[in-house]
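Read the structure below first, then the notes.
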Amino acid sequence: MELKPVENTISCPKCGADQQDGESCRHCGIIFHKYREKLSAGSRSSRPPIRPADSGFPYKTLIRLSQLILLISLLLLILSNHQRAILPEMDFYDGARLPEPVQSDTTAEPFAVVSNDILYTINPIYDYQLHG
24 MELKPVENTI SCPKCGADQQ DGESCRHCGI IFHKYREKLS AGSRSSRPPI RPADSGFPYK
84 TLIRLSQLIL LISLLLLILS NHQRAILPEM DFYDGARLPE PVQSDTTAEP FAVVSNDILY
144 TINPIYDYQL HG
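Numbering of the sequence shown is given in the working numbering, commencing with residue 24 and proceeding in unit increments.
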């Protein structure tokens with residue numbers, strides 16, 4: 024049995040199947056000139072280079088750290104909102120370090136305030152200076 028050499032055989036650039044010369048692959052169906060145009064256009068495109076999987080920068084660690092900081096911030100916000108109306112006990116403050124308010128006569132003029140459709144006239148008597 025003799026094998027005849029096949030002339031004008033080509034290998035498909037996509038699937039690698041050997042076949043006689045033609046415009047399309049009989050195995051996968053691609054059209055050779057369109058496939059080559061697409062490959063050459065892809066190499067000339069202005070797409071940014073793809074970042075390699077191991078670039079050395081710890082993106083996942085940075086994302087996890089940001090998520091952790093956000094979670095802690097939200098928990099502190101909820102806790103501080105719950106604690107905002109709670110005042111400390113009186114013995115929390117050192118009475119010796121808290122001076123009494125300074126009271127002095129005032130020169131402020133009387134003024135009027137309307138609340139619930141009632142007119143109130145306020146006559147200031149003293150000014151106060153509070154410390155602490």
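Using N, Cα and C, we set each Cβ at its ideal position, and we do this for glycine too.
According to DSSP, is I141 helix, strand or coil?
Annotated three-state conformation of I141 is strand, per DSSP.
When DSSP builds the beta bridges, which residues end up paired with Q152?
DSSP, once it has assigned bridges, lists V125 as partnering Q152.
Only counting the same chain, and skipping five residues up and downstream in sequence, which positions put a Cβ closer than 8 Å to that of P133?
Excluding sequence neighbours, P133 sits near T144, I145, N146 and P147.
Are F55 and P81 closer than 9 Å when you measure CB to CB?
F55 places its beta carbon 9 Å or farther from that of P81.
Distance check for N139 and Y149, CA to CA, integer angstroms please.
So the alpha carbons of these two residues sit roughly 26 Å apart.
If you reduce the DSSP assignment to three classes, tell me which class F55 lands in.
The answer is helix: DSSP assigns F55 an H, G or I state.
Going by DSSP, what residue range makes up the beta strand (DSSP E) through I109?
Looking at the DSSP string, I109 is not in any beta strand (DSSP E), and its letter there is neither H nor E.
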